[in-house]
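Taking it in order: structure first as C-alpha cells, then the write-up.
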Amino acid sequence: MNEIIQAIFQAIELIIELDPKLIQITKLSLYISLTATLIGSLIAIPIGGIIYYYEFWGKRSIINLIQTLYSVPTVLVGLFLFLLISQQGPFGFLKLLFTPTGMIIGQILLILPLLIGFTITALVGVSTQIKELAISLGASTYQTIITIIKEARYAIMGTVILGFGRAISEVGVAILIGGNIRGFTRTFTTAISLETSRGNLVLSIALGFILLSLSLIINLLLNYLQGKD
Amino acid sequence: MHIVELEEIYKNYGNLQVLKNINLQIEKGTSTALAGPTGSGKTVMLRLIDLLEKPSSGTVYFEGADANESSKTRLNIRRQIGMVFQKPLAFKASVYDNIAYGLKVRGIKENMDGRIKELLELIGLPGYENRNALKLSGGETQRLALARAMITDPELLLLDEPTANLDPISKKKLEELILKINRESETTVIMTTHDLLQGQKLADRMVLLYNGQILQSGTPDQIFRKPKNRFVADFVGIENIMSGSIESSSNGLAKIKTGSITVFAVTEKEGEVHFSIRPDEITISREKVQTSARNTIQGKVNEIIDTGSLIKLLVDTGELFTVFITRESLNELNISIGTSIWLYFKASAVHVF
Chain A
1 MNEIIQAIFQ AIELIIELDP KLIQITKLSL YISLTATLIG SLIAIPIGGI
51 IYYYEFWGKR SIINLIQTLY SVPTVLVGLF LFLLISQQGP FGFLKLLFTP
101 TGMIIGQILL ILPLLIGFTI TALVGVSTQI KELAISLGAS TYQTIITIIK
151 EARYAIMGTV ILGFGRAISE VGVAILIGGN IRGFTRTFTT AISLETSRGN
201 LVLSIALGFI LLSLSLIINL LLNYLQGKD
Chain B
1 MHIVELEEIY KNYGNLQVLK NINLQIEKGT STALAGPTGS GKTVMLRLID
51 LLEKPSSGTV YFEGADANES SKTRLNIRRQ IGMVFQKPLA FKASVYDNIA
101 YGLKVRGIKE NMDGRIKELL ELIGLPGYEN RNALKLSGGE TQRLALARAM
151 ITDPELLLLD EPTANLDPIS KKKLEELILK INRESETTVI MTTHDLLQGQ
201 KLADRMVLLY NGQILQSGTP DQIFRKPKNR FVADFVGIEN IMSGSIESSS
251 NGLAKIKTGS ITVFAVTEKE GEVHFSIRPD EITISREKVQ TSARNTIQGK
301 VNEIIDTGSL IKLLVDTGEL FTVFITRESL NELNISIGTS IWLYFKASAV
351 HVF
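Protein sequence lines, in the order shown, are assigned to chains A and B. Each step along the first sequence adds one to the number in our numbering, with nothing skipped, and position 214 is 214. Each step along the second sequence adds one to the number in our numbering, with nothing skipped, and position 16 is 16.
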C-alpha cells in the first residue's frame, strides 16, 4: 500500500517537473488523436449532412449499421487496418505500419461511425421548419445543408469532442498499428499498459493522471456545449 | 400575365385528399387572401405556390412557365418569392444575420447594411442588428420574418396566417406593414387567414376554401354581400339568412314565401332559394309608416344585445331578424323586450342565392 501511495506522489512530482518522457508521450498522443479527430470530422460532417438531407432506399439500414459500429472493439479496427497495411496487405507498399500516420488512419476509422452517426442525430434535432425556412428563403441544397449544420453547431461540436475522447483513450489501434515504439509511436494508453506490466507504476500513474484530466476537460466542454443548446 | 396560376391542382397525403381541382389565377400586384376554416387546405396551397411541395397532379405556373419543371427552375422561382410561415421562426443567429440570409444565399453583397437598417426601421425594430434572434418575442420574430422575406424585394410575398400567434397590438402593426408593402412596393401578396375581417382589410380578392375546394372567389364585397351558397353565407357570418320558395315573379321582382312571412326580392331565380338581408339595410319604427321600401314586416323584439358600439335586436316576425340600432334610437323609440316594431327593407337589399 505504501508503495502505491509513494508512487502516486512521485507521479505528481513527474508532472510538476514536466518530465521530458511524459511531455513527449503527451505531445504525440495529442498530435495523433487531434489530427485524427480533425480529419475524421471533415469527412464525417459532410457525409452526415448528406445522409440526413436525402431520402434514399436503405437509409435506415445504413444508419443502423453506423450505430452498430459505434461500439466496435478498438482491437478489431486495429486488426482490420493491420491486415490492409501490413507488408503482405494490399496497401503494404505505403509502409504505414508502425507509423504515427498509420495510427491516425486507424483512429479515423475508429471514430468515423460515431462522428457520422452523432452528426446525423444532431441534424435531425434541428426542426424541419428551419430546413424549410432556409429553402423558402432561396437556399440551394448545399446551402440548406450548411445552414442546418450551423443550426446544430453546438451538438456537432459535442460530437467532435466525443470523437476525440474515444480516439485518445483507445488502445487497440495504438498497439497494433503503432507498435508502441518509444519516442515514435508510444501514446498514453500503450505506455501505461507497457510501464504497468514492467512494474514502473510512477510513469503509469502520471500518464493516467493526465489522461484523466483530459477526460475531465472533455466532459466539462460537453456539458458547456449541451447547455448552449 | 398572371404571376401565379394553379391549374387543376390535386394534392393527396396518402389517402387523404387535401386539395381538389384547384384552379386559381393571381394577378401581379394584387393582394389575395385565402380564407377558410382550419384544415381547409389554405396552408397546403401556399406551400405548393412556394414550391415546398409538389401537387399530386395539376400544374403550378409562375409567370407563365411550369414551376416544377426541374429543381433548378424551382430554385430560381423560389428566389423570386418571399414566404413568412405561421410559426414565428428564426435561425440561431443575430437579427442581422437572419435578415441577411436571403441576400447571402443569392450572393448579393451590395448595400446589405443599409438595406437591413432600413428594414429594421420599417418593422419597428431599429438598432436590433446584433440582438440574438432567438431572444425576440413572438411578435418581434414575426416582424423579423417579414423583413427577412422582404430583403430580396420578392415579386411575390406569401404569408401563412401571419398574425395568428400575435397579440392585438403586434397584429395591428403587422397588418399595417403588409398593406404598406403591397401598396407601396407593388409586391403581389398571397396570405392565408381564418379571420375574414383581416381578409377584408388586407386583400383585393378573397378565395374561400372549404374541404380542399374553392367555394367562391371574388372581392371581399362580393363575398360578404353576395355569398354564392348557404355555406359561404354562414361562414362569412352573414345575418338574416332564410330559406323559402319563389311564388311568383314579374319584371324581376319575386315574391318569396318562407312559410311564415313573405319577402319581395329582386332576382331572376326560381324555385327553392336562400336569401339574406344585411342588418344595416333594415330600418325600424314603432308605428307603421309609409316608405319606399317594398318589404314591411311586423315583429316582436325578442332580445336586446349591447355589442358596445351598437345595439343588436333580435326581432321575431315568424322568422328571426337581426337589426342593429344606435343606443339613442333604442331610447328614443323606447324599445324593450316584447315591444312590437316594424321592419322595412328594399327588395333590392334582399340577396337571393
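From the three backbone atoms N, C-alpha and C, an ideal C-beta is built for every residue, glycine too.
Pair within 8 Å by beta-carbon distance, residue i and residue j
i         : j         : result
Ser56(B)  : Lys28(B)  : no
Leu123(A) : Tyr70(A)  : no
Ser285(B) : Ile341(B) : yes
Ala347(B) : Arg278(B) : no
Ile108(A) : Leu94(A)  : no
Gly102(A) : Ile16(A)  : no
Leu146(B) : Ala90(B)  : no
Leu81(A)  : Gly106(A) : yes
Ile111(A) : Gly163(A) : yes
Thr192(B) : Leu46(B)  : yes
Gly244(B) : Lys226(B) : no
Tyr210(B) : Ser40(B)  : yes
Gly102(B) : Gly78(A)  : no
Val202(A) : Thr189(A) : no
Thr267(B) : Tyr344(B) : no
Leu14(A)  : Leu22(A)  : yes
Thr32(B)  : Arg148(B) : no
Leu115(A) : Ala44(A)  : yes
Ile311(B) : Ile325(B) : yes
Ile25(A)  : Thr187(A) : yes
Leu174(B) : Arg143(B) : yes
Asp167(B) : Gly124(B) : no
Leu158(B) : Ile49(B)  : yes
Val323(B) : Leu330(B) : no
Beta bridge counterpart(s) of residue i as assigned by DSSP
i         : result
Ile335(B) : DSSP lists no partner for Ile335(B).
Ile26(B)  : Val4(B)
Asp316(B) : Lys300(B) and Leu320(B)
Thr283(B) : Tyr344(B)
Gly82(B)  : Leu157(B)
Asn12(B)  : Gln17(B)
Met191(B) : Ala33(B) and Leu159(B)
Ile50(A)  : The partner list for Ile50(A) (beta bridge, DSSP) is empty, contrary to what the question assumes.
Asp97(B)  : Per DSSP, none; premise fails for Asp97(B).
Asn132(B) : Ser94(B)
Tyr61(B)  : Glu5(B) and Asp66(B)
Asp167(B) : Answer is none; Asp167(B) lacks a bridge partner.
Asp19(A)  : Asp19(A) pairs with nothing; no bridge assigned.
Chain A residues whose Cβ lies nearer than 7 Å to that of residue i
i         : result
Ser101(B) : Checking the sequence, you will find Tyr at residue 101(B) rather than Ser. In chain order: Leu137.
CB contact below 8 Å: residue i versus chain B
i         : result
Glu132(A) : yes
Gln143(A) : yes
Glu55(A)  : no
Glu170(A) : no
Residue i at chain A interface by Cβ criterion, 8 Å
i         : result
Lys92(B)  : yes
Val301(B) : no
Leu136(B) : no
Arg143(B) : no
Leu174(B) : no
Arg106(B) : yes
Leu52(B)  : yes
Arg148(B) : yes
Within chain B, the residues that residue i reaches when beta carbons sit closer than 9 Å
i         : result
Gln129(A) : Phe85, Lys87 and Leu89
Contact set between residue i and chain A, taken where Cβ atoms lie within less than 8 Å
i         : result
Asp153(B) : Correct list: empty, because the minimum Cβ distance to chain A is about 12 Å.
Leu48(B)  : Residues of chain A passing the Cβ test: none, with the nearest at roughly 12 Å.
Arg78(B)  : Ile135, Ser136 and Gly138
Leu75(B)  : Gly138 and Ser140
Chain A contact residues for residue i, given Cβ-Cβ distances below 9 Å
i         : result
Leu166(B) : Here the premise fails: no neighbours, minimum Cβ distance about 18 Å.
Neighbouring residues, chain B, relative to residue i (Cβ below 7 Å)
i         : result
Glu151(A) : Phe91 and Lys92
Any C-beta of chain D under 8 Å from that of residue i
i         : result
Ile304(B) : Looking for chain D here will not work: the only protein chains present are A and B.
- [ ] Could you pull out every unbroken alpha helix (DSSP H) segment of at least 4 residues lying fully inside the region 67-107 of chain A, listed in chain order?
- [x] Runs of the alpha helix (DSSP H) lying entirely within the region 67-107 of chain A, each at least 4 residues long, are 74-85 in chain order.
Task: Continuous beta strand (DSSP E) assignments of at least 3 residues falling wholly in the region 194-277 of chain B - done: 205-210, 213-218, 241-250, 253-257, 262-266 and 272-277
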